[in-house]
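When you number the sequence shown by the working numbering, it's gap-free, plus one each residue, and the end is 578.
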Amino acid sequence: MQSALRSVNVTRYVTPLREGGSMPAIAEADDGFLYVIKFRGAGQGPRALIAELIGGEIARLLGLRVPELVFASLDEAFGRTEADEEIQDLLKFSVGLNLGLHYLSGAITYDPAVNTIDEELASKIVWLDALLMNMDRTCRNTNMLIWHKELWLIDHGAALYFHHSWQNWEEQSQKAFSLIKDHVLLPQASALETVDKEFRPLLSLERIQSIVSLIPDEWLEDGFFSTKEEHRQAYIKFLEMRLKSSEIFINEARNAREALI
């Protein structure tokens, strides 16, 4: 079963990471560690945090390296002395529960021109991103870090993008993921079928339920569902249905790879 995430309190805003529209920041918590904080008050709201949580914990379950995720609480008084009005507004709208990723100090961005990834690992990451419909692992923005000579995955906030509207979400679960053609690791992903056979049994219904159960109630504020439990069940059902039809996204990725090479 999935362990509960640790909870920390944010004590010091260190520096913004002005990448994309989510405005994450490096911050210190009351456990003495630094975290990259993803704020619920940013443009995509709690949905980006839910995608980060589900994507990161599924990756971890599959044996891929992901920084520790923690629930990061922001006090109402926090940030009042922040001079930047944009950051002050972000902090004001993010009071309560946010998500933090352990800061990998000294890590460098993965560069496909410099770093070599073996075909098995590349296939595992491509499979994961096809499952999650993660559009954000491209040459322009790899969202991977090299830390202590090992590859770490970060930033799954753009995954599960169907949940920004929830329209036809059952149909979305059965769709190929055409954006996989832009994946930075696709040329090396020659073992997708082997990885599919390895990963599908690991993602049992019980394990999916355990990961989705981690989503805090206060992040489930979408009016599309009658109850928060119904909302959680939709995530579970989406992942369950997508796994059962994994050949759809596997075939899409294989065809896209053949077109590249």
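Even for Gly, the Cβ is constructed at its ideal location relative to N, Cα and C.
Values in this document were obtained by computation on a predicted structure and should not be read as measured data.
Let me make sure I understand the geometry here. Which of the options has the alpha-carbon closest to that of residue i?
| i | options | result |
| --- | --- | --- |
| G291 | L496, E345, G380, S390 | The question about residue 291 has no answer, for the chain in this structure spans 318 to 578. |
| N557 | A344, R364, I375, P333 | With the sequence shown as reference, residue 557 is identified as Glu, and Asn is not the correct amino acid for it. Measuring from the Cα of E557, the nearest candidate turns out to be I375. |
| A573 | E538, L462, W444, N458 | W444 |
| R364 | Q405, V529, E403, D401 | V529 |
| H500 | M450, I404, Q526 | M450 |
| D534 | Y478, L366, E385 | L366 |
| I425 | E538, A368, W469, G417 | W469 |
| A368 | H473, P384, A493, C456 | H473 |
| F555 | I434, S490, P429 | S490 |
| R571 | L414, S440, F350 | S440 |
| I463 | V431, D406, A447, T455 | V431 |
| H481 | I471, L537, K355, V327 | L537 |
| E345 | S521, C456, E546, V387 | V387 |
| Y427 | N568, I471, L379, F542 | I471 |
| G423 | I567, L351, R549, E488 | L351 |
| R377 | L418, E399, I565, L414 | L418 |
| K514 | P341, A394, S563, A400 | S563 |
| L421 | P384, F542, L448 | P384 |
| N458 | H465, A475, A447 | A475 |
| P504 | T433, T328, T332 | T433 |
| I280 | G349, G373, I354 | A query on residue 280 cannot be resolved here, the shown segment of the chain reaching from 318 to 578 and no further. |
| I516 | L322, R559, H465 | Checking the displayed sequence, the identity of residue 516 turns out to be Phe instead of Ile. The option with the nearest alpha carbon to F516 is R559. |
| H465 | K492, W486, R382, F479 | R382 |
Grab the span of the alpha helix (DSSP H) containing residue i for me, first residue to last.
| i | result |
| --- | --- |
| H480 | Element bounds for H480: n/a, residue is neither H nor E. |
| L560 | 545 to 561 |
| R357 | First-last for R357: undefined, no H or E at that position. |
| D513 | 509 to 519 |
| P533 | Note, P533: premise wrong, no alpha helix (DSSP H); not H, not E. |
| E488 | 486 to 490 |
| L363 | In the sequence as presented, Leu is not what sits at residue 363; that position holds Pro. Per DSSP, P363 belongs to the alpha helix (DSSP H) from 363 to 378. |
| D446 | 436 to 449 |
| E403 | 402 to 409 |
Can you check DSSP and say which residues form a bridge with residue i?
| i | result |
| --- | --- |
| S390 | N326, L414 |
| L351 | E345 |
| I463 | I425, L468 |
| H473 | Per DSSP, none; premise fails for H473. |
| P333 | A342 |
| T455 | H500 |
Between residue i and the ligand ADP, is there a pair consisting of the residue's CB and a ligand heavy atom that are separated by less than 6 Å?
| i | result |
| --- | --- |
| A573 | Absence of the ligand ADP is noted for the structure shown, with no ligands found whatsoever. |
At the 7 Å Cβ level, is residue i part of the contact set with chain C, yes or no?
| i | result |
| --- | --- |
| W444 | The structure shown has no chain C; it contains just one protein chain. |
>> Is it the case that the stretch 428 to 440 contacts the stretch 506 to 513, given that we only count it when at least three CB pairs across the two stretches are under 8 Å?
In response: yes
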